[in-house]
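Shown next, in structure tokens, is the structure this report addresses.
Numbering (the working numbering), first residue to last: -19 to 184.
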């Protein structure tokens, strides 16, 4: 059994100036103001559009991110439908194989501290789930059926691609204090990274 923390990797190459210029060009078509493009004009225009709620031009750039989280969080994440997803399949992944280390990986819940009775109870449940899964596999049961004993804490990976407008919407919902703590454990540091890369969109 392997227990890890959630994580992410931004897989779209991002050059800030290129993104800003791209969005500026898309936005200026609306006003036929392409002649106003000059040094620093992209950021000024984007800030002006966002302040006025004119966000449709920022749909013209997409970012893809590899997410490592648990199945419970992934079920919430994929409810954001203005997006594309490619997710690790428990139907076809046989976790008894060497490429998975012949073990099952689980994501530690954000609110459980190692060394506490609560954490130990959770870890015991994960060990039982792993044991049951491998027992079924050893009995010849296909992974697509054996997966039925696996819990929401099962680690999953998926690629999520959203345009800039939808990423802003996602972060507004999923970094809020009311969001699930395991969702926030991924969404908050991801938003902080987006803010470093593209502050005009995500730095507020």
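Just so it is clear, CB atoms sit at the ideal spot from N, CA and C, and this is done for glycine as well.
Same chain, Cβ closer than 7 Å to residue i, five either side skipped, listed in chain order
| i | result |
| --- | --- |
| residue 6 | 37 and 40 |
| residue 155 | 164, 167, 168 and 171 |
| residue 114 | 76 |
| residue 197 | With the chain represented from -19 up to 184, any question about residue 197 goes unanswered, as that position is not in the structure. |
| residue 99 | 92 and 93 |
C-beta contact flag for residue i and residue j at 9 Å
| i | j | result |
| --- | --- | --- |
| residue -16 | residue 177 | no |
| residue 42 | residue 136 | no |
| residue 48 | residue -14 | yes |
| residue 206 | residue 54 | What the structure shows of the chain is the stretch from -19 to 184, and residue 206 is not part of that stretch, so it cannot be assessed. |
| residue 22 | residue 3 | yes |
| residue 131 | residue 105 | yes |
| residue 134 | residue 87 | yes |
Backbone secondary structure at residue i - three-state DSSP
| i | result |
| --- | --- |
| residue 13 | coil |
| residue 119 | coil |
| residue 88 | coil |
| residue 170 | helix |
| residue 178 | coil |
Neighbour-count burial assignment, residue i, 16 or more Cβ in a 10 Å radius
| i | result |
| --- | --- |
| residue 62 | exposed |
| residue 119 | exposed |
| residue 163 | buried |
| residue 85 | buried |
| residue 166 | buried |
| residue 185 | Beyond the ends of the chain as shown, which are -19 and 184, falls residue 185; an answer cannot be given. |
| residue 69 | exposed |
| residue -19 | exposed |
| residue 17 | exposed |
| residue 51 | buried |
| residue 11 | exposed |
| residue 184 | exposed |
| residue 110 | buried |
CB-CB length for residue i against residue j, believed under 8 Å
| i | j | result |
| --- | --- | --- |
| residue 27 | residue 180 | 6 Å |
| residue 35 | residue 145 | 5 Å |
| residue 44 | residue -8 | 5 Å |
| residue 174 | residue 60 | About 15 Å; that fails the 8 Å criterion. |
Chain-order list of residues whose beta-carbon lies under 6 Å from that of residue i (same chain, five-residue window excluded)
| i | result |
| --- | --- |
| residue 71 | 124 |
| residue -11 | 46 |
| residue 117 | 76 and 126 |
| residue 64 | 141 |
| residue 143 | 39 and 42 |
Residues near residue i in its chain [Cβ-Cβ closer than 8 Å; skip 5 each side]
| i | result |
| --- | --- |
| residue 82 | 75 and 76 |
| residue 8 | 14, 16, 17 and 25 |
| residue 102 | 89, 92 and 133 |
| residue 73 | 80 and 123 |
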